[in-house]
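Under my numbering, the residues of the sequence shown are numbered 41 to 158, in order.
Single-structure report; data block below.
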Amino acid sequence: MAPPDGGAELRAALRACSDRKAVDGVVLDLRGLTDATDEFVIVSGTSDTHVRAIAEHVLETLRLEGVRAHHVEGLSAGRWVLLDFVDFVVHVFQPALRDFYQLERLWGDAPRRPLEEA
């Protein structure tokens, strides 16, 4: 399995999350574990407004790079927003829902790295 290449679009999404002060960010490398996507970006926001702001900034940042999300869910509610860019998926959670769904535990076999290192 090749190491994560940190493609330009993924790097732009990570910068966008950081720009909006996303907390507890992690990137899971899912290659070899699923064919659905290569990587999950999982971050938290502190409120509905913060979650929406992070997600909207990721969408806008990538749109300016000429990349549109294949699928978006949860943006209006702002509790858990899923942004599917095919090669990677960005999950923006409120902390309580992140604790409940435990994606990091569900994908416990996936190599992970903190957002700051990705």
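All C-beta atoms in this analysis are idealised placements derived from N, C-alpha and C, irrespective of residue type, glycine included.
Keep in mind it's a predicted model, so treat the numbers as computed, not measured.
Nearest-angstrom Cα distance between residue i and residue j?
| i | j | result |
| --- | --- | --- |
| Arg-145 | Leu-99 | 26 angstroms |
| Pro-44 | Ala-117 | Note that Pro-44 has pLDDT 43, beneath the 50 cutoff, so the model's placement of it is unreliable and no number is given. |
| Arg-60 | Leu-115 | 16 angstroms |
| His-110 | Arg-51 | 18 angstroms |
| Arg-55 | Ala-150 | 22 angstroms |
| Arg-108 | Glu-96 | 12 angstroms |
| Gly-72 | Phe-125 | 18 angstroms |
| Arg-3 | Leu-122 | Nothing about residue 3 can be reported from this structure: the residues present for the chain run from 41 to 158 only. |
| Arg-119 | Ala-48 | 27 angstroms |
| Thr-101 | Val-129 | 15 angstroms |
| Asp-88 | Cys-57 | 15 angstroms |
| Gly-106 | Tyr-141 | 31 angstroms |
| Leu-104 | Ala-53 | 11 angstroms |
| Val-66 | His-90 | 17 angstroms |
| Leu-155 | Gln-134 | 17 angstroms |
| Phe-80 | Trp-147 | 10 angstroms |
Are the beta-carbon atoms belonging to residue i and residue j less than 8 angstroms from one another?
| i | j | result |
| --- | --- | --- |
| Leu-143 | Ile-82 | yes |
| Asp-127 | Thr-74 | no |
| Ala-62 | Val-132 | yes |
So who's on the other strand from residue i, going by DSSP bridges?
| i | result |
| --- | --- |
| Asp-69 | Glu-79 |
| Val-121 | Val-132 |
| His-111 | Asp-124 |
Taking the alpha carbon of residue i as the reference point, which residue from the options has its own alpha carbon closest?
| i | options | result |
| --- | --- | --- |
| Gly-85 | Leu-137, Glu-157 and Glu-113 | Leu-137 |
| Asp-139 | Arg-153, Asp-64 and Ser-58 | Asp-64 |
| Arg-153 | Asp-69, Pro-135 and Ser-87 | Asp-69 |
Shorter than 8 angstroms from the beta carbon of residue i to some beta carbon of chain D?
| i | result |
| --- | --- |
| Glu-79 | Of the chains in the structure shown, none is chain D; there is only one protein chain. |
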